[in-house]
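**Student:** Each residue of the sequence shown is one higher than the one before, starting from 124 at the first, in the numbering used here. Built from N, CA and C at the ideal position, the CB exists for glycine as well. I'd like to ask you about the structure that follows.
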Amino acid sequence: MTTLKLPLEVNEYFPYASVRPSQDRFINTIFEAVQARRSVLIEGSNGLGKTISAISACLPTAVEKNLKILYVARTHRQHDRVIEELRAVFKKHHVSGISIRGRNQMCLNKLAVKNAFDAKSLMEACELLKAKGKCPYHKDPEEQTYDYLILKQQIASRPYKASDIQKVCKRKGLCPHELVKGALSDVKVIALSYLYVFDPVIRAAFLKNIEANLQKTILIVDEAHNLPETAIDISSSSLSLFVIKQAELEAKKYENKEIEEFIHFFRNEVEKLTENISREQIIPAESIIEILQKHGSVVNPRDFFEKIHEVGSSIRRNLLADGKYPRSYIHGMSEFLLRWLDTFGDDSFINVASSYLNRDKVKTAKLEIVALDLSKVTSPVFSSTYSNIVMSGTLQPLEAYARITQLPENTVQCVLPSPFPREHILSLVCCGVSTAMEKRTPAMYQTMIDRINEVVQNTPANTGVFAASFDVLNALLAEGLEAALDKPLFHEYRGMSSKANEEIVAGFKACAEGDGAVFLGVQGGRTSEGVDFPGNQMNSVVVVGVPYAEPTPRVKAQISYYEECFPKLGREYGYILPAMKKASQAAGRPVRTLDDWGAIIFLDYRFSTNYCRSFLPSWVSNHMKVLHQPGDNILAQEIHRFFNP
Ligand code: SF4
């Protein structure tokens with residue numbers, strides 16, 4: 124810790140008496156850039172105090188120019204962390220803030236919550252329920268009592284977590300979502316999920332609520348390594364055979380012969396189209412038009428799909444009038460078909476047909492519209508805000524990130540040194556092992572199990588093992604990983620529910636109090652990207668193999684698309700970067716706070732190459748040690764020495 128050397132303006136807000144190593148540089152970089160109305164792309168490892176630093180560095184400009192700060196992050200825990208830091212700021216300088224959650228988390232109307240399958244469907248259901256006077260928690264402006272208005276004012280005057288507001292609203296029979304919405308225009312810092320800012324439909328509604336446009340906001344994107352995948356998800360959509368079948372039954376139920384007959388025909392055609400596809404296949408966008416031509420009676424596809432859409436909307440209205448949840452499969456199907464037409468001829472989208480096994484292990488299929496260009500989602504935002512602060516512990520190479528997300532040209536790029544004392548992190552690569560396809564033999568897995576065991580035996584408590592894929596994870600199990608270990612093993616499996624995952628993570632963490640355990644998961648999975656394991660909860664992590672995606676048609680299409688946009692860089696941007704991001708995230712699990720000690724072991728010689736290392740964060744790659752011949756217990760000795768200095 125060092126004494127403060129921060130700009131006076133930032134000092135007014137920064138609530139602590141000292142800064143961590145590199146934290147002052149982090150703050151100064153952001154402060155100066157925002158003052159100059161520039162954006163910042165910055166990599167700083169865990170333990171740096173990025174949340175409070177970014178907020179304190181942005182507040183002077185936000186207050187001076189009357190801007191809002193939108194702090195987007197992935198988890199509720201991260202949103203609440205913003206409020207906790209703001210409470211510390213509040214003791215020095217009065218600043219208001221709210222962490223907001225999606226309607227599905229805030230909504231008290233059981234009918235709406237029970238049946239909503241995503242944020243958009245709940246938003247629509249809520250609007251319909253309100254319009255029909257079917258939500259007792261909703262208050263029209265003329266129904267808002269003095270109490271209600273005082274509550275609203277209070278929320279806009281200091282930092283509040285979404286959960287605090289929800290508790291009060293439950294007691295008073297008010298809609299927490301509406302109360303927060305009413306207060307938003309007066310709140311300075313709003314912590315929220317990516318969707319509020321990057322999904323164009325949700326953003327439009329949100330900006331209306333805060334009574335501001337993006338020009339009047341400073342955007343802080345935390346854990347920004349997640350943004351590329353989120354942006355692709357936002358602009359992609361899918362239609363399963365299950366939904367098509369349900370739409371057909373719905374049309375039958377409502378005795379709409381014309382639509383029932385069309386959907387029946389359409390379903391048959393999709394079944395035919397997908398019956399010989401073993402995994403997935405890119406299909407021409409014209410396929411839908413060809414199906415319509417075959418059908419014969421549809422002259423104008425858009426008019427026809429809009430007509431179906433209107434039928435779906437009216438089914439939803441009627442369901443609501445009967446006090447039922449307004450779900451219509453016809454509506455969902457027609458939205459997908461209209462989107463298919465909207466993206467027709469746009470080479471930043473591909474159309475994919477795939478077949479797969481459903482939960483009951485029955486073969487089924489789906490159609491997808493897959494977005495290839497994430498900048499179509501990020502660029503409209505980044506080019507409109509006052510400034511963007513894009514930060515994470517794993518963003519390198521920054522230039523690639525800036526290009527694929529289309530950050531403004533004059534964005535300041537910065538990589539900060541690790542604030543961890545050097546002796547707190549051991550970073551090792553074991554040569555002689557690899558998960559490259561041609562090397563996946565039983566003997567190779569046996570060697571990997573031996574190496575994992577060396578790590579586990581010399582780790583004080585818990586070890587995480589993150590495999591390149593479920594195939595690798597299953598092979599480790601099949602080759603006897605569990606029997607080889609003398610600590611309990613908790614492992615993920617394909618298709619695991621989030622509840623089951625939470626349970627095994629909790630069980631694993633609990634073992635940190637005793638002799639420890641081993642957690643086996645996949646890179647790019649829920650645990651390797653979304654769960655923190657401070658202290659003894661994970662002393663060592665073993666990253667087994669480079670998690671390159673299977674070269675499926677969509678992966679190849681992504682590489683080609685980037686090759687077109689960025690000649691000679693297609694493979695790097697579309698294939699290497701996503702894999703290295705997953706590996707970096709898994710590697711960072713044990714080192715969350717400055718007091719942590721973490722051993723990071725890469726089991727794949729490819730991580731030792733300069734090329735691969737250039738994609739790892741500097742706090743992992745800078746002092747990386749390569750074990751060229753890690754036999755004879757050499758790895759065990761390294762781990763033992765690290766934990767017993
Ligand atoms: S008004 Fe509030 S409680 Fe009612 S449905 Fe909408 S979000 Fe839910």
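What does the Cβ neighbour count give for GLN338, buried or exposed, with the cut at 16 atoms within 10 Å?
**Tutor:** Label assigned to GLN338: exposed.
**Student:** Just the C-alpha distance for VAL665 and GLU652, rounded to the nearest angstrom, thanks.
**Tutor:** If you take the alpha carbons of VAL665 and GLU652, they lie about 14 Å apart.
**Student:** On the DSSP bridge list, what partners appear for PRO282?
**Tutor:** DSSP output for PRO282 lists GLY220 as bridge partner(s).
**Student:** Find the nearest neighbour of ARG563 within the set ALA211, VAL669, GLY167 and PHE543, judged by alpha-carbon distance.
**Tutor:** Closest by alpha carbon: VAL669.
**Student:** Going by beta carbon distance, what residues of the same chain come within less than 6 Å of LEU604, once the five residues before and after it are set aside?
**Tutor:** Counting only Cβ-Cβ distances below 6 Å, and skipping sequence neighbours, we find ILE572.
**Student:** Is the number of C-beta pairs between the segment 605 to 616 and the segment 630 to 641 that are closer than 8 Å three or more?
**Tutor:** Yes, they touch.
**Student:** Would you list the residues sitting across from TYR479 in a DSSP beta bridge?
**Tutor:** In the DSSP output, where bridge partners are listed per residue, TYR479 has THR487.
**Student:** Quick one: using the 10 Å Cβ neighbour count with 16 as the cut-off for buried, is MET560 buried or exposed?
**Tutor:** Classification of MET560: exposed, given that the 10 Å Cβ count is below 16.
**Student:** From VAL678 to LEU750, what distance separates their C-alpha atoms?
**Tutor:** When rounded, the distance between both Cα atoms is 32 Å.
**Student:** Taking the alpha-carbon positions, what's the GLN770 to LEU350 distance?
**Tutor:** With the chain represented from 124 up to 768, any question about residue 770 goes unanswered, as that position is not in the structure.
**Student:** Mind checking who ALA722 pairs with in its DSSP beta bridge?
**Tutor:** Paired residues: LEU549 and SER663.
**Student:** Considering only C-alpha positions, which residue in the set LYS486, GLY648 and VAL588 is nearest to ALA702?
**Tutor:** Checked all of LYS486, GLY648 and VAL588; the closest Cα to ALA702 is GLY648.
**Student:** Indicate, with yes or no, if ligand 1 has a heavy atom lying under 8 Å from the CB of LYS293.
**Tutor:** Because no heavy atom of ligand 1 lies under 8 Å away, the Cβ of LYS293 does not count as near it: no.
**Student:** Leaving out five residues on either side along the sequence, give the residues of the same chain with a beta carbon under 6 Å from the beta carbon of ILE682.
**Tutor:** Hits under 6 Å: GLY693, ARG694, GLY697 and TYR698.
**Student:** Go to LEU403, then tell me how far its beta strand (DSSP E) extends in each direction, as first and last residue.
**Tutor:** Residue 403 is actually Glu in this sequence, not Leu. Where GLU403 is concerned, the enclosing beta strand (DSSP E) stretches over 403 to 406.
**Student:** Tell me which residue opens and which closes the alpha helix (DSSP H) that HIS763 is part of.
**Tutor:** Where HIS763 is concerned, the enclosing alpha helix (DSSP H) stretches over 757 to 766.
**Student:** If you follow the beta strand (DSSP E) that VAL195 is part of, which residue opens it and which one closes it?
**Tutor:** Segment 191 to 195, the beta strand (DSSP E) holding VAL195.
**Student:** So which residues put a beta carbon under 6 Å from any heavy atom of ligand 1, going in chain order?
**Tutor:** Chain-ordered list of matching residues: ARG226, CYS230, LEU231, ASN232, ALA235, CYS249, LEU252, LYS253, CYS258, TYR260, HIS261, CYS298, HIS300 and GLU301.
**Student:** Express the C-alpha separation of PRO424 and GLY555 in angstroms, rounding to a whole number.
**Tutor:** Approximately 58 Å between the Cα atoms of the pair.
**Student:** As a quick exercise: from LEU362, ASN227, ASP322 and ILE206, pick the residue whose alpha carbon is nearest that of ILE501.
**Tutor:** In the sequence under discussion, the amino acid at residue 501 is Thr, which differs from the Ile named in the question. For THR501, the nearest C-alpha among the options comes from ASP322.
**Student:** If you pair each beta-carbon of the segment 403 to 420 with each one of the segment 352 to 360, do three or more pairs fall below 8 Å?
**Tutor:** Not touching, per the Cβ criterion.
**Student:** Can you give me the C-alpha to C-alpha distance between GLY170 and GLU429, rounded to a whole angstrom?
**Tutor:** Each residue's Cα considered, the two are about 52 Å apart.
**Student:** For PHE389, name the three-state secondary structure that DSSP assigns.
**Tutor:** Helix at PHE389.
**Student:** Have a look at the DSSP bridge pairing and note the partners of PHE154.
**Tutor:** For PHE154, which the question treats as bridged, DSSP gives no partner whatsoever.
**Student:** Sort ASN576, ALA242, LYS395 and LEU182 by Cα distance to HIS216 and report the nearest one.
**Tutor:** Here the closest residue by C-alpha is LEU182.
**Student:** Which runs of the alpha helix (DSSP H) at least 4 residues long sit entirely within the segment 687 to 722? Give them in chain order.
**Tutor:** Correct list: 700 to 710.
**Student:** Write down the C-beta distance between ILE453 and ILE438 rounded to the nearest angstrom, noting that I regard them as a contact closer than 8 Å.
**Tutor:** Between ILE438 and ILE453 the Cβ distance is about 6 Å, and since that is below 8 Å, they are a contact.
**Student:** Could you compute how far the alpha carbon of ALA285 sits from the alpha carbon of ASN227?
**Tutor:** Looking at the two C-alpha atoms, the distance is approximately 12 Å.
**Student:** The beta strand (DSSP E) spanning MET619 covers which residue range?
**Tutor:** No beta strand (DSSP E) contains MET619, which DSSP labels as neither H nor E.
**Student:** Which of the three DSSP states is assigned to ILE165 in this structure?
**Tutor:** Strand, per DSSP.
**Student:** Have a look at the DSSP bridge pairing and note the partners of CYS537.
**Tutor:** Bridge partners of CYS537: ILE165.
**Student:** One question on the structure: do VAL667 and LEU726 come within less than 9 Å of each other, judged by their Cβ atoms?
**Tutor:** Cβ distance < 9 Å, so VAL667 and LEU726 count as in contact.
**Student:** Quick one: give me the first and last residue of the beta strand (DSSP E) that LYS748 is part of.
**Tutor:** That run of the beta strand (DSSP E) goes 748 to 750.
**Student:** Can you tell which of GLY754, LEU551, GLN660 and GLU636 has the C-alpha that lies nearest to the C-alpha of HIS746?
**Tutor:** It is LEU551 whose Cα lies nearest to the Cα of HIS746.
**Student:** What do you reckon, are the CB atoms on LEU362 and LEU460 nearer than 9 Å?
**Tutor:** A contact, by the Cβ cut-off of 9 Å.
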